[in-house]
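Structure first, then comments.
Numbering (my numbering), first residue to last: 2 to 1072.
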């Protein structure tokens, strides 16, 4: 508060009123003229300032966003106490209090922007630094509505490192770290994405804090009823389809809010409000798929088409050819190369009919159709089919707010959702079912001790139950291939071994994953105290989780090894030939008690001070400490620490098991969860603000459940036995004589299905930014930022206990701990990461009917393993060789968003005096759009097998001097994106020289548009017609090419990254 000369004015009375509910808050400016009103709910406010000797000032329509700190100065005029000055200028758009990187989307923009499937999480992509890449763990377990929700990489952090909150309650699905409840846009008040967070109260992980404030009731009844409809009539075909496929989608719902009114009983105006919503979604979408299946010649044993050029000679001087298949029954020691073996080729590359395994033929009869594409015998993919994707979703929510007294406010909320998705699997002969069920309850209480001291309490309860299951093969089929003992019935479900066939052939999936029930309870207490020009905050959180998840499968893996020379992957051998013989490379059954039942307790405390050091300078300093207990397992768990060879047995160990030797929760407690936060904001001028921040953020959230449950397949209660090298020498194990599961469970003692370091450190990220914000006009700002981070001890899951060095012979003989089996996944908090970016954002708030936001990011993100569930490191003993661009690294990203109320019609610039007919046709149109332009995603080329013979996955190819994309006569196209001459398989028993993610795929360009027209119905009611165009220009965005060198489709782009043009119509009644 200042007078006309600029001198501070103390003791001004400030009253702030929420326009929607009438709730009032009051305070008094201090001796330095400053005033602070903490813990206000987002909304639109009116402010009245009364000062002795000065005229009263009123500021109306001040919008406060989610988690926003807004500075609003008043220059008081000398006048009589009876005079009132109406302040009509808009509050400044500059952020003069916080250095946290923030992007807010308000309610109007949320409902006016085109969202495919009306998934609010798509709005996160409007933020600078947001890269639209999820890991398979997330996308594989979440039912997508329309284009689906997303948990993007934010400023170089993994998507699963984000933290979702709703009304201050944790909204995290604790297994995949996505969301429990996703309300429809009409039920969202505001949406806020924060990263590099300087406020110690927020963020329990190193990614973005994605906040949703649900829409509460107000003193006036308001609502919406909607129906969004789409079919294939106006849609364009999607590459590689040659025609439009059947599609029908309906999305419908209602939102209603207002005061609680019961005639002659309750009048809730100014003290009790409600809001509720329900939305249904139904879609039947036919999707085209490509597959690579065995040809009739191959099924008959004839692999002549796979025979390539000569690549050398064996030790007997016989020529060797790529794709040549060898008879494993002829294996014998190589007299000229001790330790290696020799095999004889099948004459003509044809397997005699009497050698074809009957179980393999039964698999082909049950699952594999004949090729239907007119391609050569060894060209893939060679089969195309269409399958129905049927989605059903219902989500419901209700919220109550009540003002108990002038100083006490409570709210309660309940939400429930259920989504189901039925899809074909990789082949049309069986299907997949995915079910998401979630519910959440929330309570909140705010007490105002006095205008400068406020207590806020929140409680949340989330319940999640997911099911992710392939259509079971059934008992009859399991009996026909003699696998009922190898893979017995589990929970009443009879699956069969899932096939993996090298050289790019489509495999089968037999996986059952019930996730749940999972429960999470979170308690939060926050106390805010204003002392002079300091806003002090202290508080804490208690988070209790109970998680049960299960899963069982068995993998039958067929590589080139069984039919190659010397029994190792390489140019010789052929995966489909190994499969036809029934000669496995490895067999991985999950046996016994495969569930994970655990509880975890999380305690967090913080303290901070936001200090208005001068009129221009705000400093924020805070400290947060989080402690997450080791899991309390309700079964025996075990695992091998490959760093020292200790086999740990712990958990709920009965007295009969004497090997117990580790900490009760497998992992040792980590108490050093300190997270300092610092922020600086300096206002150079009325139009220029400098901000800088440093924050250390721990990442408990990412690893909380996933890392703990990895060791659920634990001897002696259950194992994921990995029987490898079954084909070295003369095979004794075939697809139709797999060993009984009982013999594996009893005979592998002790056996390591997984491993982990019990001293895993807390993953943390050092995040920092420095930038400037410039106000260009009353409604427009430009923001420039340098954004960087360094990650340490990031969670990875490499394949461990692999052979120490490449070489001939069994892998087991070269493993460091062969007595425990392996190789297996190893949970390890060890990876470094880095991110550096320059970001620019131009923002124009709504004025003259136009809202505009344009963002540009130029960045580089680096790590070893972007998705901890891919096991893609070729050499566990040299992980530094995997330092490269992150999977979500997209060098250039542009996002342009606008909402424009076209200037025609009543209360608009043009045609305001036109007759009703003209008004009805030309007036009240609105245009909204989202334009996305991104660089391509990185990838590398895989060698297509265990060339080094170490048991390691993800081995990369050998690069030659040829240009990988174009050049030397090679012309790039969809069908030939990569130059095959630029890549070759590494020499036998070596690793390839290609670097991780050293190639870049096609760029991504997309334009989504919403065009709507409002028709007045009666007082305060409107009928809105919407037409939404997703990918309006029908631009084909291509996926990355097939990147496995041994695949028949290597180098080709087989699918599109997104659909062709889709058109959606909607009707909404707004009141």
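Note that beta-carbon positions come from the ideal geometry of N, C-alpha and C, so glycine has one too.
Keep in mind the model is a prediction, meaning the values are calculated, not measured.
Distance from the Cα of residue 475 is smallest, within the candidate group 498, 417 and 134, for 498. Residue 155 is a Cβ neighbour of residue 208, given a cutoff of 7 Å.
Within the same chain, Cβ atoms closer than 6 Å to the Cβ of residue 449 are found at 408 and 455, the five residues on either side in sequence being excluded.
When C-alpha distances from residue 591 are compared across 249, 922, 511 and 948, the shortest belongs to 511. Proximity of the segment 261 to 277 to the segment 389 to 405 meets the contact definition, three or more beta-carbon pairs being nearer than 8 Å. In this structure the segment 410 to 418 does not lie against the segment 298 to 318, because fewer than three pairs of beta carbons, one per stretch, are closer than 8 Å. Runs of beta strand (DSSP E) with 3 or more residues, each lying fully within the segment 233 to 299, are found at 248 to 260 and 273 to 292, listed in chain order. In this structure residue 330 is exposed. Its beta-carbon is surrounded by fewer than 16 other beta-carbon atoms within 10 angstroms. Around the CB of residue 12, fewer than 16 other CB atoms lie within 10 Å, so the residue is classed as exposed. Nearest Cα to residue 472 within the set 502, 458 and 425: 425. Rounded to whole angstroms, the separation of the alpha carbons of residue 732 and residue 486 is 20 Å. Contact annotation: residue 564 and residue 587 have beta-carbon atoms that are not nearer than 7 Å. Residue 957 and residue 943 do touch by the CB rule: their CB atoms are close to 6 Å apart, below 8 Å. Judged by pairs of C-beta atoms under 8 Å, the segment 618 to 630 touches the segment 674 to 689, as three or more such pairs exist. Per DSSP, reduced to three states, the secondary structure at residue 476 is helical.
The three-state secondary structure of residue 917, taken from DSSP, is helix. Rounded to whole angstroms, the separation of the alpha carbons of residue 805 and residue 991 is 12 Å.
By DSSP's assignment, residue 829 forms a beta bridge with 797. Judged by DSSP secondary structure, residue 1034 falls outside any alpha helix (DSSP H); it is assigned neither H nor E.
The three-state reading of DSSP puts residue 110 in helix, counting H, G and I together. Straight-line spacing of the CA atoms in residue 741 and residue 593 works out to 12 Å. Under the three-state reduction of DSSP output, residue 1053 falls in the coil class, being neither helix nor strand. The Cβ-Cβ distance between residue 10 and residue 71 does not fall below 7 Å.
Excluding its 5 nearest sequence neighbours in each direction, residue 1029 has C-beta neighbours in its own chain below 6 Å: 115, 1011 and 1065, listed in chain order. In the DSSP annotation of this structure, residue 912 is not part of any alpha helix (DSSP H), being labelled neither H nor E. Counting the other Cβ atoms within 10 Å of the Cβ of residue 891 gives 16 or more, which makes it buried. Measuring C-alpha to C-alpha distances from residue 194 to each of 211, 336, 184 and 187 identifies 211 as the nearest.
Closest in alpha carbon position to residue 318, among 324, 335 and 326, is 335. Contact check between the segment 904 to 912 and the segment 977 to 985: fewer than three CB pairs, one atom from each, fall below 8 Å, which does not count as touching. The straight-line gap separating the alpha-carbon atoms of residue 358 and residue 505 is approximately 21 Å. In the assembly as shown, residue 109 is an exposed residue. Its beta-carbon has fewer than 16 other beta-carbons within 10 Å. Ranking 960, 1036 and 927 by CA distance to the CA of residue 1015 puts 927 first. The segment 863 to 883 makes no contact with the segment 842 to 849: fewer than 3 CB pairs, one atom from each, lie closer than 8 Å. Taking 7 Å as the cut-off, the beta carbon of residue 229 is found no closer than this to the beta carbon of residue 1049. Residue 353 counts as exposed, since fewer than 16 other C-beta atoms from the protein chains shown sit within 10 angstroms of its C-beta.
For residue 579, the enclosing alpha helix (DSSP H) covers residues 576 to 582.
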